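Below you'll find the structure, written out as structure tokens, and then a few comments.
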Amino acid sequence: MPGQCQSCGEHAVIEAEIDGEGTKYICVECGTVDSAYISLEHSSLNGEIEREEADIHEEVCESCGVSLTPAALEARQQLCPDCASEEEESLEQPVPAEIYVSPDEKIKLPLAGAVCKSCGSQDLSTECIGADERCVCKGCGTVIEEQRLVSTDFEYSNSKAPQNHCLTLPKHAMPQRKLKGLVAGLNKIRLLHDRFCFPDSVKTEADFMYEKVFFQKEVFFAYITTKEHYAAACLFLACRMQNIPISVTHFKPYLDKFSAFFKGKKLIVRLLNLQLPSVVQTSHVSYCLEGKGFDACLIQKVNDILFLCRNAWLTEGRSRPGLIAIAAYYAYLSRYGAQGYMTLEKFQKKFKFPLISVQLFNDCKQLFLKLATVLPWASSVDNKNLYRYIDDILRYRHSVFQLAFRSDVDSAVSKPTNGTLSPGKRKSDESSKELNLPISLKRIKQEKNYFTNDVVIPPHLNLNDPEVRETDFDEEEINSYLLSNEEQEKVRLLKLEQIE
1 MPGQCQSCGE
11 HAVIEAEIDG
21 EGTKYICVEC
31 GTVDSAYISL
41 EHSSLNGEIE
51 REEADIHEEV
61 CESCGVSLTP
71 AALEARQQLC
81 PDCASEEEES
91 LEQPVPAEIY
101 VSPDEKIKLP
111 LAGAVCKSCG
121 SQDLSTECIG
131 ADERCVCKGC
141 GTVIEEQRLV
151 STDFEYSNSK
161 APQNHCLTLP
171 KHAMPQRKLK
181 GLVAGLNKIR
191 LLHDRFCFPD
201 SVKTEADFMY
211 EKVFFQKEVF
221 FAYITTKEHY
231 AAACLFLACR
241 MQNIPISVTH
251 FKPYLDKFSA
261 FFKGKKLIVR
271 LLNLQLPSVV
281 QTSHVSYCLE
291 GKGFDACLIQ
301 KVNDILFLCR
311 NAWLTEGRSR
321 PGLIAIAAYY
331 AYLSRYGAQG
341 YMTLEKFQKK
351 FKFPLISVQL
361 FNDCKQLFLK
371 LATVLPWASS
381 VDNKNLYRYI
391 DDILRYRHSV
401 FQLAFRSDVD
411 SAVSKPTNGT
421 LSPGKRKSDE
431 SSKELNLPIS
441 LKRIKQEKNY
451 FTNDVVIPPH
461 LNLNDPEVRE
471 TDFDEEEINS
481 YLLSNEEQEK
491 VRLLKLEQIE
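Counting from 1, one number per residue, gives the positions in the sequence shown under UniProt numbering.
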């Protein structure tokens with residue numbers, strides 16, 4: 001056992017060899033080097049250690065520590081005869097009534113180590129008077145210490161007493177239970193996890209994210225229904241982190257308010273400082289076209305058509321799987337359209353695609369017809385020969401967009417082809433809704449005429465002459481720009497007042 005250091009008082013002195021100085025005693029706690037360490041004390045300390053190690057397995061009395069006799073060991077007693085007799089006598093004596101305290105009453109425990117500054121007594125107790133907790137001397141009644149209890153020292157619990165539904169109890173007096181908002185959010189995550197058959201790792205990550213942000217004030221004080229939307233946002237973000245193909249439209253049947261869902265998504269990203277990966281559209285396309293027999297070249301063309309539709313604002317608020325099916329339809333026609341025209345209904349039945357919105361398909365068809373019309377070599381464009389120009393539209397998409405979506409496209413660029421694109425004369429089966437274009441592209445810019453007939457230039461005026469003479473203008477027109485004597489006097493007086 002290490003010896004006791006004279007500097008810090010810790011038992012941390014060991015014997016070590018120092019280069020050039022021989023063997024010395026060093027305290028490993030404070031680093032003090034004591035060369036004059038008493039070897040006698042060290043030897044006596046070693047003797048005590050040896051005796052302690054020798055007596056470590058010896059049976060002793062639990063009360064006084066004296067070694068037990070062989071008779072007590074045979075009787076398997078843990079007390080020596082003297083301590084055993086004293087314990088029997090104390091059990092036979094009755095407890096005095098004046099010091100008996102009922103377990104239902106509050107016990108005032110004396111404070112150990114504290115002394116009254118007035119009388120020097122150690123007979124102290126703690127009393128609770130209202131919201132104040134005081135340490136009082138029993139001898140003279142002096143208040144030694146006072147502490148005021150605050151609201152955080154208590155917790156509230158439901159009570160069945162009439163006209164008193166809230167009961168104030170000391171903090172941690174009731175067993176801890178999970179909060180209702182936390183349980184509701186975790187149940188929402190479990191429900192969506194079971195509906196979509198996500199991996200268990202997604203649920204684990206979503207639970208961890210929700211429990212981490214639950215005690216933030218933006219989430220903790222929200223309504224329970226709002227917390228459920230926040231929990232759904234945690235599951236959506238967990239899918240995004242693991243690159244699982246899922247969109248917001250899949251969550252729509254299980255959400256009441258999309259605004260709360262989007263708000264929770266932004267809030268969780270800000271609170272947890274998440275770095276979300278970009279939306280990988282290729283993985284979603286592969287997910288929708290899986291098992292359809294589409295090769296890599298055709299899938300790449302589907303991606304190009306999707307990006308083309310995104311630039312035309314056709315992806316906002318629309319179902320992405322339906323848009324992918326429409327892009328696959330046009331990509332398929334661009335390759336196999338020469339073998340025979342196929343309608344969208346036959347394409348859906350052949351490749352087992354889900355139902356597609358007619359309005360969305362009409363908007364996409366109107367977009368491709370508008371883009372194909374501006375091609376110089378496209379003489380006549382209709383629905384049946386549109387597939388011939390799909391590759392050209394994708395190749396020259398930047399130039400085609402500039403021509404098709406400028407401000408005067410309806411009057412100067414678009415030309416009617418068999419009644420398909422004539423403005424104001426759409427077929428009854430086509431959508432009457434315009435493309436979702438910005439307002440700046442829909443508004444027709446009108447040129448402003450800054451030159452009006454109010455200004456009349458005299459016919460005898462030579463505009464090429466750099467010098468302007470008084471005879472070039474009428475005297476009345478010149479006087480209209482000059483101040484009269486009275487006006488000049490008023491201006492002069494006004495300037496003098498400003499100077500003063």
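No residue lacks a Cβ here, since even glycine has one placed at the ideal position from N, Cα and C. None of the values given here were measured: they were computed from a predicted structure.
Residue i and residue j closer than 8 Å at C-beta
i           : j           : result
residue 299 : residue 322 : no
residue 330 : residue 361 : no
residue 135 : residue 123 : no
residue 261 : residue 231 : no
residue 190 : residue 203 : yes
residue 185 : residue 127 : no
residue 192 : residue 237 : no
residue 334 : residue 301 : yes
residue 400 : residue 375 : yes
residue 363 : residue 403 : no
Anticipated Cβ contact below 8 Å, residue i with residue j, distance rounded
i           : j           : result
residue 244 : residue 198 : 7 Å
residue 389 : residue 381 : 7 Å
residue 332 : residue 347 : 7 Å
residue 326 : residue 285 : Contact flag wrong, Cβ pair sits at about 12 Å.
residue 255 : residue 214 : Not confirmed; about 19 Å, so no contact.
residue 272 : residue 218 : Wrong, their Cβ atoms sit about 12 Å apart, outside the cutoff.
residue 395 : residue 308 : Incorrect: roughly 11 Å between the Cβ atoms, too far for contact.
residue 68  : residue 80  : 6 Å
residue 139 : residue 121 : 4 Å
residue 341 : residue 384 : 5 Å
residue 241 : residue 211 : So it is not a contact: roughly 16 Å between Cβ atoms.
Cross-strand partners of residue i (DSSP beta bridge)
i           : result
residue 141 : BP columns for residue 141 are empty, so no partner.
residue 127 : 134
residue 286 : DSSP output for residue 286 lists no bridge partner at all.
residue 476 : Note: residue 476 sits in no beta bridge, so no partner.
residue 216 : None; residue 216 has no bridge partner.
Endpoints, alpha helix (DSSP H) assigned at residue i
i           : result
residue 223 : Here residue 223 belongs to no alpha helix (DSSP H), and DSSP marks it neither H nor E.
residue 259 : 258-272
residue 484 : Neither: residue 484 is in no alpha helix (DSSP H) and is coded neither H nor E.
residue 207 : 200-213
residue 189 : 180-196
Q: May I have a chain-ordered list of the alpha helix (DSSP H) segments no shorter than 4 residues that lie completely inside the UniProt domain "BRF2-like C-terminal" (298-398)?
A: 320-336, 344-351, 358-373, 390-395
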